[in-house]
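Taken in order, the sequence shown gives residues -19 to -1, 1 to 979; the numbers are from mature numbering (1 follows the signal peptide of the UniProt record, and there is no 0).
Cβ atoms here follow ideal geometry from the backbone N, Cα and C, with glycine treated the same way.
Remember, predicted model here, so these are calculated numbers, not experimental data.
Let me begin by presenting the structure, written as structure tokens, before commenting on it.
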Amino acid sequence: MTVRLNLCLLLVLPRLILSDPGHPNQVVLLDTTAVLGELGWKTFPVNGWDAITEMDEQNRPIHTFQVCHVMEPNQNNWLRSNWMPRQAAQKIYVELRFTLRDCNSIPWVLGTCKETFNLLYLETDEPQSPTARFHAADYAKIDTIAADESFTQTDLGDRVLRLNTEVREVGPIARKGFYLAFQDVGACIALVSVRVYYKKCPSTLRNLAAFPDTVPRVDSSSLVEVRGACVEHAEERDTPKLYCGADGDWLVPLGRCVCSVGYEETDGLCLACRPGFYKAFAGNIKCSKCPPHSYSHSGGSPLCPCDIGYYRAGKDPPTMACTRPPSPPRNVMFNINETTLFLEWLPPSDAGGRKDVAYNVLCQRCTGAGQDCEPCDRDVRFIPHPLGLTGTSVAIQDFVAHTNYTFLIEALNGVSGMGGISRPLANITVSTEQAGPLLVGAVRKDWATQNSIALSWQEVEQPPSPILDYDIKYYEKEQEQLSYSSTRTKSPTAIVSGLKPSTIYVFHVRARTMTGVSSYSPKYEFSTGDENSEEASDQGQVLVIVLAAVGGFSLLVILTLFLLITGRCQWWIKAKMKSEEKRRAHFQNGHVPFPGIKTYVDPDTYEDPSQAVREFTKEIDPSRIRIERVIGAGEFGEVCSGWLCTPGKKELSVAIKTLKGGYTERQRRDFLREASIMGQFDNPNIIRLEGVVTKSRPVMIVVEYMENGSLDSFLRKHDGHFTMIQLVGMLRGIASGMMYLSDIGFVHRDLAARNILVDEGLVCKVSDFGMSRVLEDDPDAAYTTTGGKIPIRWTAPEAITYRKFSSASDVWSYGIVMWEVMSYGERPYWEMSNQDVILSIEEGYRLPAPVGCPVALHQLMLLCWQKDRGRRPRFGDVVSFMDKLIRNPSCLLTLVDDVHGFPESPEDMPDYPLFISVGDWLDSIKMSQYKNNFIAAGYTTLDSVSTMSIDDIRRIGVSLIGHQRRIVSSIQSLKLQFLQVQQNSFHMNGHFCEKMEM
Ligand code: ACK
């Protein structure tokens, strides 16, 4: 009997939403809900699947296939789609929507009714002949499809059918096309729709570059690198690239294009600047309005040309307004002060729109009625100079008395002389009737040496105002007019030195008073002495004495200045050192670094965090980075793997953390903070920073690649696969990395297996330093009552309750990491709530040993979890403990599972020191020199030592009474410990080791 439920199924069909939601990253090869005509699918046998086509409310066909031969055994009903060309697809997706009836709801069908059907496919290069028969062996099975929701008779009553949607991946498809087939083996199914599609990264515009439709790789973990082409009127900056991910998403945009000159970015395209606007540089800046006195009549202008009469100087930027030459200077005035003529004027009323106005003063001497003029610029002296004056005054000296001078004053600016505009001049005529009086009487030579001449002269008896000093101008007679020197003196005498022997010099002297300088005296000619001159040696001696005196004084002055300066410098250096010390003095819990070992510098102590980035990291040119695939999602953006190329070196496998676009300044700072921390570390068990990319987008941190990813997931993936020595080796590596960090004064705060990375040789390296202060991104971090976010399960109680983070709290976390490792990635405290974890720790509960955990390791965990942080071991102790375990693998043979009464809390444990051999014990009491005595006498384990008496100590050769006492009292406390251990049936130190190394 065939049960037909078709009607029931179809009744509810109009209530189903069959329209395609429209995914831009899917290319649909078939959608039965969109086929208007007949589907033409084949069924076999003919009475198996039924094709039923109904019309929906908009009169569109709904193609449904139903089958329900639930009462007959051995059903094998086939339904096959038409041949579908695969187009560009390598992997296809099949989305089925169907209802399936629950067998329990159909009476009498036990044994024959099924609740699944098979989905299969067949690849061919062309459609098969329509008469070709079904050969089940030709088809490859995709999956057995079961319903998430089957419906029952009651549902039918409610007329609500439960629609299932299942999606399956098929591929890689290599032939030109394929068929889909549905094999029913006795279920009651209505196949409501079939959608077949493949995924693509749809063509897109990103960073002004166009990227074409791209089909992802079949291997879902590798990306397709696609180079973009700059949009019209844009040019490449860094090669624009995107990566096409398996789901049809574009990832990791790199490089960019920028709009060319004359074009600006609008809605992802480069559009021409409007008339009246311009853009002089390529880049993602907007077009600017033409500056004043310039214009642009057409669109796309790189520059705005100047209006008529306005100009740009060679160095004027295109952003500057066009300008014109200045108007002439105004209100020129003069003033003669005895021997100096002062000219002054006002700036031009129009500076031409510029700030670079300067002046030239040209001199003309005119005789007669001013018609006969000749240039006189070389005869007079201009102070400071005649041309290119930036001030509005000039002093003129050495002019001839009783003469008419005309001065032309010209205003200039950067565009003077452009466009042939006449020169803007102002002039003034000055008559030099009132030259200064002669104040100096006859000049005499007092004496001369080969190189100097002593002069003296008479002062006028009653100068018009007090004489301030004298100005002596002199030159070699033969070199007249070429150059001259001058010197000054307060008294009417002077020694002019530095002269050539046996040479005639010309001297003029003039006086300077409060009101100006007098005229120069007439010229006087004097000669220096020759080599035989007697005067020379006498005067030479005087000169030496004078010079020595002057030299001595100068030395004194220089020394004083030096002492003053060095005193100040020392003060400055001390202040600098103090601030540097302050920066470094943030070690916690007395973890003072060892002398000679470099110390960690907290980037937060930098006022400008980018300075820390510059100081501690290397900038990498992004062209050296080749991204290969995305390996995960970090807090700030994707984490990719790839290669770093360094010229002349082998390519380096790296992990690249990216900062996703649209970040805030704070996010950028926090992201790079980790790099400035990591950049300070150099240890084989700390993840190595290769460098950063900060000068282009995206911002990246490049670190060494760790093939096995993070430790927690690695262990979960390889549950039970490692030997005990391999696990201890991993723990030793982590402890060694942490020892390095604590030695340089760095507190991690988030030490957990998820933050340890593993390389291909199982070397474990500590990573994730960004959160040593803020733990916002750690999914295990929870807010505490004090408001901070803390990974409760990994954190020491004192750090949770009063934020006392230290290397000792890192040791607690290390104990938890040990537990994670020994349990192959189990979650610490399982599903207990954070609150319960805190309470149970407070009550003294500690994590029990994971299954198969050696006693020695759980014991170390318990030591790490002591409430009193001062009693926890240091990382250095942990490393040497691990080393000893590795050297004595027999110590790992005693498993906690074999020992009864193992303490569950550190409070139950005796105060065990971290030594496991007689040698360690002797080291710990500073009696190492007796190691050989103990071995020679056969005391090789601690429990044999615990039985020794004072006589035994003497007998093995410890002769000093002080040493005997120290050893005996330590043995007493060992005995006490063993007593407690035995009471607990718990074996510590030498007990769980069969053979111990000294
Ligand atoms: O557990 P995983 O495979 O290891 O997934 C995460 C993911 O990136 C997000 O953080 C992996 N990861 C991070 N840094 C590195 C690295 N240096 N080498 C390899 N994988 C890394 C991490």
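Contact under 8 angstroms by Cβ, residue i with residue j
i, j, result
"K23", "R61", "yes"
"F856", "V949", "no"
"V728", "F786", "yes"
"A70", "I123", "no"
"W775", "I797", "yes"
"V673", "V594", "yes"
"G618", "V635", "no"
"C254", "S275", "no"
"V48", "D37", "no"
"P772", "D817", "no"
"T509", "Q431", "yes"
"V90", "M52", "yes"
"V877", "V926", "no"
"L234", "P679", "Looking at the sequence itself, residue 234 is Pro, so the reference to Leu does not match. Yes, Cβ-Cβ distance for P234 and P679 is below 8 angstroms."
"K601", "C621", "Inspection of the sequence shows that residue 601 is occupied by Ile rather than by Lys. Cβ atoms of I601 and C621: not closer than 8 angstroms."
"P329", "R346", "no"
"G470", "I453", "Just to set this straight, residue 470 is Thr in the shown sequence, not Gly. Cβ atoms of T470 and I453: closer than 8 angstroms."
"E206", "K222", "yes"
"G615", "S694", "no"
"S279", "P299", "no"
Heavy atom of the ligand ACK within 7 angstroms of residue i beta-carbon
i, result
"A614", "yes"
"Y686", "yes"
"G690", "yes"
"V620", "yes"
"L670", "no"
"P636", "First, the amino acid is wrong: residue 636 is Ala here, not Pro. Yes."
"S694", "yes"
"L738", "yes"
First through last residue of the alpha helix (DSSP H) which encompasses residue i
i, result
"L866", "856 to 868"
"D924", "923 to 926"
"Q840", "836 to 845"
"Y783", "778 to 783"
"F652", "646 to 659"
"V792", "788 to 803"
"Y721", "705 to 724"
"L232", "No alpha helix (DSSP H) contains L232, which is instead part of the beta strand (DSSP E) from 231 to 240."
"K698", "692 to 698"
"F915", "912 to 917"
"E596", "590 to 597"
"G900", "899 to 905"
Start and end residues, beta strand (DSSP E) containing residue i
i, result
"I266", "That residue, I266, is in no beta strand (DSSP E); it is neither H nor E in DSSP."
"T384", "It is not in any beta strand (DSSP E) - T384 carries neither H nor E in the DSSP assignment."
"I606", "606 to 614"
"W64", "Segment: none, W64 is in no beta strand (DSSP E) and carries neither H nor E."
"W438", "434 to 440"
"L223", "215 to 225"
"P772", "770 to 772"
"G422", "421 to 429"
"E35", "31 to 36"
"S412", "406 to 412"
- prompt: Using 8 angstroms as the threshold, is the segment 186 to 200 in touch with the segment 578 to 595, meaning 3 or more CB pairs across them?
  reply: no
task: Please determine if the segment 291 to 305 and the segment 329 to 338 are in contact, where contact requires at least 3 C-beta pairs separated by less than 8 angstroms.
output: yes
message: Under 8 angstroms: do the segment 482 to 491 and the segment 404 to 412 share three or more Cβ pairs, one atom per stretch?
response: no
- prompt: Quick check: the segment 735 to 747 against the segment 598 to 618, are there 3 or more CB pairs under 8 angstroms?
  reply: no
task: Give a yes or no on contact between the segment 75 to 93 and the segment 172 to 181, applying the rule of three or more CB pairs nearer than 8 angstroms.
output: yes
field: the segment 263 to 279 in contact with the segment 360 to 368 per 3-pair CB rule at 8 angstroms
entry: no
- prompt: Any chance the segment 649 to 669 sits against the segment 701 to 711, with 3 or more Cβ pairs inside 8 angstroms?
  reply: no
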